[in-house]
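Visitor: Following this message is one structure expressed as structure tokens.
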Amino acid sequence: MPQETSATRLRALAAEIFDVPAEEITDGAAFYEDLGVDSLQKVDFVVRMERQLGLRLTDDEAAGMRDLGGAIAVLRSRGLSVGP
Numbered sequence: 001m002p003q004e005t006s007a008t009r010l011r012a013l014a015a016e017i018f019d020v021p022a023e024e025i026t027d028g029a030a031f032y033e034d035l036g037v038d039s040l041q042k043v044d045f046v047v048r049m050e051r052q053l054g055l056r057l058t059d060d061e062a063a064g065m066r067d068l069g070g071a072i073a074v075l076r077s078r079g080l081s082v083g084p
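Position one of the sequence shown corresponds to residue 1 (full-length UniProt numbering), numbered consecutively onward.
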């Protein structure tokens with residue numbers, strides 16, 4: 001069963017993987033265009049998020065994660081509680 005998470009926790013994970021300050025990772029900051037993320041970093045983010053939350057995302061769900069807000073939306077659509 002997937003566990004609860006927070007946007008703060010997801011932001012910290014993204015900051016670590018993307019090697020950018022957490023405050024730059026806003027809900028609308030596009031991973032590729034705004035943060036300079038490459039495809040391997042995004043895959044790493046998705047895989048580590050899946051492991052931490054105990055879930056498996058579809059390829060379409062992962063592709064739809066273009067920013068933190070998109071990642072949160074996908075998790076919520078899967079019934080996961082994502083707090084502040």
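Where is the CB? At the ideal position from N, CA and C, for every residue including glycine. Remember, predicted model here, so these are calculated numbers, not experimental data.
1) Leaving out the 5 sequence neighbours to the left and right, which residues in its chain are closer than 8 Å to P84 when beta-carbon positions are compared?
2) Starting from the C-beta of R76, find all residues in its chain whose C-beta is less than 7 Å away, skip the five residues before and the five after it, and write them out in chain order.
3) So, helix, strand or coil for T8, using DSSP?
4) Along the chain, where does the alpha helix (DSSP H) that runs through R76 open and close?
5) Counting only the same chain and skipping the five closest in sequence on each side, list residues whose C-beta sits under 7 Å from that of D44.
Guide: Taking the geometry as given:
1) S6, A7 and T8
2) V82
3) helix
4) L68 to S77
5) I17
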